[in-house]
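See below for the structure under consideration.
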Amino acid sequence: MAAHAHPSAAQPAILNEVNPTPFPRATLVENNRSFGWVTDKISGIIEGKTPTWWWVCFVLACCVASFTVAGITYLVSTGVGVWGHANPVDWAWDIVNFVFWIGIGHAGTLISAILCLLRQKWRTSINRAAEAMTIFAVVCAGIFPVFHVGRVWFAWYLFPIPNSNVIWQNYRSPLEWDVFAVSTYGTVSVLFWYVGLLPDLAVLRDRFFKAGNKVRSFCYGLFALGWRGSNRHWSNYEMAYLILAGISTPLVLSVHTIVSFDFAVSLLPGWHTTIFPPYFVAGAIFSGFGMVLTLMLPLRAIYGMQDLITQYHIDCMCKIVLATGTIVGYAYGMEFFIAWYGANPNEGFAFINRAFGHYAWAYWIMISCNVITPQFFWFKKVRQNTALVWILSIFVNVGMWFERFVIIVTSLARDFLPSSWGYYSPSIVEIFTFFGTFGVFSVLFLLFIRFLPVMPMAEIKSVMPQADAHGHDHH
Amino acid sequence: MSAKPYGLIATFDTTPSVYHAAEQVRDAGYKNWDCITPFPVHGLDKAMGVKRSNVPKFSLVGGILGFTTGMSLIFYTSYISYPLVVGGKPYFSPLFAFPVAYELTILFTAFATIGGMLFLNGLPMHYHPVLKSSKILSGMDDKFHIVIESSDPKFNLAQTKALLEKVGGKEIQELEA
């Protein structure tokens with residue numbers, strides 16, 4: 001890049017122009033594929049015959065989901081007493097599971113919004129499936145707070161709907177903030193996802209029309225709203241997409257901040273700490289990327305998507321898991337430091353009790369899964385071993401569930417009054433209900449990969465080298 | 476009238492070719508014309524002379540409306556409709572009302588942004604001559620098209636066709652209205 005320098009002149013003290021070292025750009029779609037290949041590959045999944053494995057997984061997922069249905073039916077017909085909650089642990093698996101699922105959702109929004117603003121082009125291959133994961137995770141998360149109110153037919157009391165008692169919600173409570181945060185998050189995630197789907201639904205509409213399948217063409221066409229790829233439309237569309245990314249970024253950060261306020265605003269030792277909002281957000285992104293890897297790696301293998309989800313994509317995701325996992329590990333250490341430095345005996349006890357008390361087993365599962373597991377991603381060999389990455393991603397999911405369990409249950413089980421201390425164990429109904437949510441999630445995700453394009457075709461095309469209007473040179 | 480076509484459609488194979496063709500159609504002074512592309516082509520707005528989108532204006536209105544709704548909802552319910560002392564705290568303070576107002580700002584902005592985008596694009600649209608054309612299939616896949624509408628004051632079937640040929644358009648066809 002020294003084309004502008006005079007060949008004979010010595011290097012001047014101050015350069016007229018500084019050119020950054022040319023860095024080879026990572027290829028986002030491998031093997032020099034064409035636009036048509038991308039359309040055929042992604043649409044082909046929907047147009048092809050339903051594979052046998054899909055039916056097997058779908059039936060299995062339905063069976064698992066029935067556990068949630070059974071658990072909730074029993075709960076509603078009997079009462080919240082069927083869960084293992086008892087004084088002093090009045091929040092347990094319900095809130096653990098809620099925070100676990102909502103946290104998983106956050107990676108989807110991070111990929112679609114924050115990486116969009118940062119112009120991380122590698123997001124295009126994974127953002128559609130990650131956004132779908134967000135929505136389905138919010139669905140699973142929502143089940144728990146709604147049903148833990150006990151008399152679920154009063155759940156509408158959470159919203160400011162005029163009622164005959166003329167009373168209103170208590171807006172001083174973080175729990176009410178949470179109602180607004182989570183419902184906004186769910187709604188905006190669906191909207192963002194739908195806007196991204198719009199051009200791809202139009203592709204399917206036209207392909208099914210050509211194939212003579214009028215019914216499916218009509219269904220996709222209905223939701224494609226008459227999209228025709230007009231550049232005047234794209235202009236408004238891109239602006240809208242950018243703004244949605246811009247507002248989803250503070251949204252995703254605020255949602256887990258408010259979730260952490262549920263704890264941080266209380267006065268319980270172990271909960272009442274200012275580190276909670278950033279610590280929860282980092283943990284959410286950590287767990288969410290763990291789940292993205294858990295879902296995308298099998299999808300990539302089954303559908304032969306290696307050219308679209310390349311090793312570069314996996315590297316990027318592993319590095320984010322490593323970075324956020326390390327932040328989480330730092331937060332664990334900082335919590336302990338502040339508990340000691342703050343010199344509050346109750347706070348100090350809460351943390352010693354976490355690591356060495358009755359729930360020490362949960363604490364050390366959390367530490368091993370969340371702090372040690374991601375450190376393997378420093379090594380290129382590990383990141384290139386897809387099976388190993390997948391196994392490590394499962395550990396991340398497990399670890400993050402235990403993090404919420406440790407935070408919620410250990411603090412409550414040993415509160416201020418030793419005479420009321422207790423030990424919480426879940427009842428079989430709770431275990432069934434939580435187990436079933438994995439089925440609910442899988443059912444929704446399987447339907448998604450069967451009927452909707454798993455990757456955004458238009459966005460992938462726009463980051464391919466041929467998309468450059470000024471010609472392209474091969475690196 | 477019935478014989479008058481909606482416009483002319485020309486096909487281009489590559490992104491640079493449609494980009495340079497768009498510049499020339501713009502310079503020829505056409506107003507009612509469009510490019511059909513399978514993905515947003517970077518820089519094509521400028522090549523077409525399309526102005527910056529008006530969507531942000533909708534977003535701003537939505538955001539202001541959302542924040543005001545949140546604040547006034549909480550002010551009305553906790554200060555006017557049913558004032559209740561909880562934990563000795565004030566009936567209303569913008570501080571505790573902030574998280575809800577913040578979330579509603581984002582919620583309303585999202586709806587306004589998408590609503591604004593659809594409104595400006597005239598969507599949902601039940602019928603459009605381009606959608607009726609067989610070209611739409613490739614237009615959604617891997618080809619690029621330029622459509623010049625007959626409603627343009629400069630439109631002249633022969634001259635416009637000649638222009639499209641000159642800028643490199645292939646398979647030039649008339650679009651049925």
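Protein chains in written order, with my numbering: chain D, 1 to 475; chain W, 476 to 652. Glycine included, every Cβ here is placed at the ideal spot set by N, Cα and C. Since the structure is predicted, the reported quantities are computational estimates derived from the model, not experimental observations.
Between residue i and residue j, which are expected to be in contact by the criterion C-beta below 8 Å, what is the C-beta distance as a whole number of angstroms?
i	j	result
D/S287	D/N397	6 Å
D/S442	D/V64	7 Å
D/I365	D/F416	Rounded, the Cβ-Cβ distance is 27 Å, inconsistent with contact.
W/C510	D/N231	4 Å
W/Y554	W/F573	15 Å between Cβ atoms; not a contact.
W/D488	W/K618	7 Å
W/P513	D/F435	Not really, about 43 Å apart at Cβ, beyond 8 Å.
D/W54	D/T437	Incorrect: roughly 21 Å between the Cβ atoms, too far for contact.
Out of the options, which one is the CA nearest neighbour of residue i?
i	options	result
D/Q384	D/I394, D/Q311 and D/V69	D/Q311
D/H233	D/T433, D/W101 and D/P199	D/P199
W/S547	W/F571, W/D627 and W/Q499	W/F571
D/R123	D/A458, D/K319, D/A350 and D/S112	D/S112
W/A585	D/P250, D/L191, D/F159 and D/F263	D/L191
D/S43	D/S217, D/H148, D/I285 and D/C62	D/S217
W/I621	W/Y577, W/K629 and W/T635	W/T635
D/G79	D/P88, D/A61 and D/V149	D/V149
D/Y74	D/P24, D/V152, D/I320 and D/W421	D/V152
W/L540	W/A576, W/Y551, W/F630 and W/A496	W/A576
W/Y505	W/V530, W/V516 and W/N631	W/N631
D/T324	D/K41, D/I285 and D/H358	D/I285
Where does residue i fall in DSSP's three states?
i	result
D/V149	coil
W/K629	coil
D/G105	helix
W/D509	strand
W/S568	coil
W/G545	helix
W/E651	coil
D/A343	coil
W/L483	strand
D/H475	In this prediction, D/H475 scores a pLDDT of 37, lower than 50, which makes its location untrustworthy; the coordinate-derived value is nonetheless stated afterwards. Note: D/H475 maps to coil in three-state DSSP.
D/V243	Here the sequence assigns Ile to residue 243 of chain D, which means Val is not the residue at that position. Three-state DSSP puts D/I243 in a helix.
W/E439	Outside the modelled stretch of chain W, which goes from 476 to 652, sits residue 439 of chain W, for which no answer is possible.
W/A645	Position check: residue 645 of chain W holds Lys in this sequence, whereas Ala was assumed. Strand, per DSSP.
D/S230	strand
D/A86	strand
D/F263	helix
W/F619	strand
D/S173	coil
D/L308	coil
D/P20	coil
D/M455	coil
D/P465	helix
D/T68	helix
To which residues of the same chain is residue i closer than 6 Å at the C-beta, ignoring the five residues directly before and after it?
i	result
W/Q455	Residue numbering for chain W in the displayed model covers 476 to 652; residue 455 of chain W lies beyond these limits and cannot be assessed.
W/E646	T486
D/F144	D94, N97 and F98
D/L201	Y220, F223 and A224
W/T544	L579
Applying the criterion that 16 or more other CB atoms from any shown protein chain within 10 Å of the CB defines a buried residue, is residue i buried or exposed?
i	result
D/Q169	buried
D/R228	buried
D/W340	exposed
D/H470	exposed
D/N353	buried
D/W271	buried
D/V429	buried
D/W156	exposed
W/S601	For the sequence presented, residue 601 of chain W should be read as His rather than Ser. Per the 10 Å Cβ criterion, exposed.
W/K521	exposed
Within its chain, find whatever has a CB closer than 7 Å to the CB of residue i; leave out the 5 residues flanking it on each side and keep chain order.
i	result
D/D307	V29, E30, N31 and R33
W/Y448	No answer is possible for residue 448 of chain W: it lies beyond the span of chain W, which begins at 476 and ends at 652.
D/L392	T373 and F376
D/L253	V281
D/V203	T39, S43 and M457
D/I14	none
W/G614	I511, P513 and H620
Below 8 Å CB to CB, which residues in the same chain sit around residue i once its five sequence neighbours on both sides are set aside?
i	result
W/L593	P599
D/G196	S112, N127, R128, E131, Y241, P456 and E459
D/F432	F67, T68, A70 and G71
D/A360	R354
D/Y424	G84, H85, A86, V89, A92, V409, L412 and A413
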